[in-house]
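Residue numbers (our numbering), protein chains in the order written: chain A, -7 to 396; chain B, 28 to 380. Here's the structure, in structure tokens; my notes come after.
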């Protein structure tokens, strides 16, 4: 890139973000010269942390939380949240450009995606006024952290078979939860867990479930972090032993928890932050830099080159798809199960990029420990939020119309 | 298809018209019958397509076009790929015409209108030839689409463009073996062949023209892949074994999901690149066009190969049409240069080597 590159910006602090050309050819729906990009990027130039994320998990989380507070103070939290809830009321295309700008600035990942992307928007649709007033401002500011209590030891991909129960206290109307959740991201750090529980003991499958907001700070909730192959403890097991939930803290109607959960999944599968192409393209740009400085054998160079090019192409496809879905969402058209396509493409791609990154780091002898951690951490990406096999089945049955 | 890249009404309408015409006029039985003839197509069909303005679709008003652009022509070639369209439309309107419109030359201008009306047929020869004093050409070009049909050769050697008479001295054209009987591919040998040099507007305009050619080929490839996907899904819904439709078996579902994702995403790249042809930054267009072609070629070969596997026994019979799509994907893959070379070219452009 030359200094005359029109899309390259230099900051007053001398912290140069990556050129937008790293993202690939310009897409007219999210142009490089868009005024939102210019405004957000100039704020990021001054406020995005310039130091790399800390290696230690707790420090890394604190770093992300501090970044979320900075974003909130700058007025950038809740970009797509309506103004009445303290957001900026932007549409999906601006959201996508924001993710790209964040990636180009190597900004930390957000600390509270379960609250900001999942529970917040679901509450806006299904929550009572009381719940909205109580929770939304503190989700936006990052004051409260959330975790998602869906999966159970015997109910992973088959969520509707879950066994955690909640019953109502006849006198107070409060709920009491008994059961166990697992793979709960950030459970050890969260203030609240949104728990999907069976509230009608005679019901089966999708009926008789309720989505409850359970305070984590009570002795009847215990959390056991799970150490992963990466060494991190991002996920936990959560045990509810007569855990108390105030009467009105129900998302949607009692008994309509499946609908609430599906509403929440739509946000999960529709938000390109979960299937971010830009961070992967930045990773490939860094791999390219490492390659340029490394002396590889012809055989290694040929292999790495072919894989890097193929991965870059797959990132371009993911980008085209993310933009396509943002355009549809902007027009208010349903995305439906197409989110399964982005999830599938991103999950497999993120693993493959991390593998290339690991191989290149190893061959070049640079940042090897970080690359090992990253490679191991990325194995989860084609598993959480629905394994890629579940996504393939959804695609085949609901998008391609193959029989069940 | 998992996503629908065509949203603008004109493009959708054009695709529908083309689909209807090709379905009625050129069903696969006819494509198969014509494949046994020397030229592999019926000149009357080609004349009618030209009369409907297909060849001129992407030309500007001043060149006698219909006021549409590359995105619409890409949609047309996607339909043509779906229908296994044969004949010289791709070579003449898809490959040669964009190069001629990049030239600033009275000879080129005249040829543009002759090609647009279908009065003449050209193809593109793109090869590292030796250009000697007095503009004579020497060297060999392989995989020239419709080289035996064309009455004009538009030759690109480096950043120079020439026109050569295929029947002239020092030119020898032989039909090459091809995986697809419905395609005509030739080897063109020049031995001091006299050529007419065309003045180029600018090297960037030539790159734009060549990128357009890449995109039209890519569109045709994803069209064929998309049709193979539809046919396969239909078969999996209706063919029963073990008392169930075979499409209910998860091993087959997952193969279909992966192939369908590959086709849909390559198609997004093709239509994204087509939107850049007219006025996108030239470096971005080049990368986008090469990317689209590499992924389209990859997905077409994969999808059509999967289709044969998913059809089982009937899939590898000559009698069934599904095999035609695989053969077309193989034949078309390398028409704008061996696809492995195109991928290497992309790798260099991206700085990975």
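All residues carry an ideal CB built from backbone N, CA and C; glycine is no exception.
Please check the pair residue 188/A and residue 249/A, which I expect to be a contact at CB under 8 angstroms, by giving their CB distance rounded to whole angstroms.
-> Contact flag correct, Cβ pair sits at about 5 angstroms.
Name, in chain order, the residues that DSSP records as bridge partners for residue 190/B.
-> In DSSP, residue 190/B forms a bridge with 181/B, 223/B.
C-beta contact flag for residue 123/A and residue 132/A at 8 angstroms | No.
Between 159/B, 376/B, 77/B, which lies nearest to residue 314/B when the distance is taken from Cα to Cα?
-> Per the Cα distances, 376/B.
Please state if the CB of residue 85/A and the CB of residue 14/A are separated by a distance shorter than 8 angstroms.
-> Not a contact, by the Cβ cut-off of 8 angstroms.
Could you check the C-alpha separation between residue 479/A and residue 185/A for me, to the nearest Å?
-> Nothing can be reported for residue 479/A, as the shown portion of chain A is limited to -7 through 396.
Could you tell me how far apart the beta carbons of residue 297/B and residue 366/B are, in whole angstroms, since I believe they sit closer than 8 angstroms?
-> Between the beta-carbon of residue 297/B and that of residue 366/B there is about 15 angstroms, and that puts the pair past the 8 angstroms contact cut.
Answer with buried or exposed for residue 29/A, where buried requires no fewer than 16 other C-beta atoms within 10 angstroms of its C-beta.
-> Residue 29/A is buried by the Cβ-count criterion.
Do residue 287/B and residue 323/B come within 8 angstroms of each other at the CB atom, strictly closer than that value?
-> No, they are not a contact pair.
Give the residues from the region 307 to 326 of chain A that approach chain B closer than 7 angstroms (Cβ to any Cβ), ordered along the chain.
-> Residues passing the 7 angstroms Cβ filter: 308, 309, 312, 313, 316.
Within 10 angstroms of the Cβ of residue 162/A, are there 16 or more other Cβ atoms? Answer buried if so, exposed if not.
-> When all chains shown are included, residue 162/A counts as exposed.
Taking the continuous beta strand (DSSP E) assigned at residue 229/A, which residues delimit it?
-> For residue 229/A, the enclosing beta strand (DSSP E) stretches over residues 227 to 237.
Does residue 20/A get closer than 8 angstroms to chain B when you measure Cβ to Cβ?
-> Judged by the 8 angstroms Cβ criterion, residue 20/A is in contact with chain B.
Where does residue 343/B land, buried or exposed, given buried means 16+ other C-beta within 10 angstroms?
-> Within a 10 Å sphere around the beta-carbon of residue 343/B sit fewer than 16 other beta-carbons, which makes this residue exposed.
Assigned secondary structure, residue 275/B (DSSP; H/G/I helix, E/B strand, else coil) = Helix at residue 275/B.
Considering residue 186/A, what are the terminal residues of the beta strand (DSSP E) in which it resides?
-> Where residue 186/A is concerned, the enclosing beta strand (DSSP E) stretches over 184 to 190.
Which term fits residue 178/A, buried or exposed, when burial requires 16 or more other beta carbons within 10 angstroms of its beta carbon?
-> Around the beta carbon of residue 178/A, a 10 Å sphere encloses 16 or more other beta carbons of the protein chains shown; the residue is thus reported as buried.
Contact set between residue 337/A and chain B, taken where Cβ atoms lie within less than 8 angstroms = Those within 8 angstroms of residue 337/A in chain B are 288, 292.
Could one say the Cβ of residue 275/B lies closer than 8 angstroms to chain A's Cβ atoms, at least one of them?
-> Chain A contact via Cβ: present.
Assign residue 255/B to one of three DSSP states: helix, strand, or coil.
-> DSSP places residue 255/B in helix when its eight states are reduced to three.
Of the residues that make up the region 245 to 261 of chain A, which ones have a beta carbon closer than 8 angstroms to any beta carbon in chain B?
-> Residues passing the 8 angstroms Cβ filter: none.
Beta-carbon proximity check, residue 19/A vs residue 333/A, cutoff 8 angstroms | Going by beta carbons, residue 19/A and residue 333/A fall outside the 8 angstroms limit.
In chain order, what residues of the same chain lie with their CB nearer than 8 angstroms to the CB of residue 235/B, ignoring the 5 residues before and after it?
-> If we look at residue 235/B and ignore the five residues flanking it on each side, its Cβ neighbours are 125, 129, 304, 309, 312.
Which residues share a DSSP beta bridge with residue 376/A?
-> As far as DSSP is concerned, residue 376/A takes part in no beta bridge.
Write down the C-beta distance between residue 378/A and residue 335/A rounded to the nearest angstrom, noting that I regard them as a contact closer than 8 angstroms.
-> Rounded, the Cβ-Cβ distance is 6 angstroms, consistent with contact.
Answer with yes or no whether the minimum CB distance from residue 189/B to chain D is below 8 angstroms.
-> Reference to chain D is not applicable here, since the protein chains of this structure are A and B.
Check whether the region 164 to 183 of chain A touches the region 199 to 217 of chain A, taking contact to mean three or more Cβ pairs, one atom from each stretch, closer than 8 angstroms.
-> The region 164 to 183 of chain A vs the region 199 to 217 of chain A: in contact.
Tell me whether residue 361/A is buried or exposed, calling it buried when 16 or more other Cβ atoms sit within 10 Å of its Cβ.
-> Residue environment for residue 361/A: exposed (fewer than 16 other C-beta atoms within 10 angstroms of its C-beta).
Under 8 angstroms between C-beta atoms of residue 114/B and residue 48/B | Not in contact: residue 114/B and residue 48/B (Cβ atoms no closer than 8 angstroms).
Please state whether DSSP places residue 220/A in a helix, a strand or coil.
-> Assigned with DSSP and collapsed to three states, residue 220/A falls in coil, not helix or strand.
Considering only C-alpha positions, which residue in the set 278/A, 353/A, 355/A is nearest to residue 378/B?
-> Nearest of 278/A, 353/A, 355/A to residue 378/B, Cα basis: 278/A.
C-alpha distance - residue 239/B paired with residue 174/A, whole-angstrom precision = For residue 239/B and residue 174/A, the distance between alpha carbons rounds to 52 angstroms.
Min CB distance residue 364/B to chain A below 8 angstroms | Not an interface residue.
Contacts around residue -1/A, its chain only, beta-carbon distance under 8 angstroms, and the 5 residues preceding and following it disregarded = The pLDDT assigned to residue -1/A is 42, lower than 50, so where the model puts this residue is not dependable, and the model offers no usable value.
Residue 281/B vs residue 371/A beta-carbon contact at 8 angstroms = Cβ distance not < 8 angstroms, so residue 281/B and residue 371/A don't count as in contact.
Any idea if residue 107/B is buried or exposed, counting beta-carbon neighbours within 10 angstroms, 16 or more meaning buried?
-> So residue 107/B ends up on the buried side.
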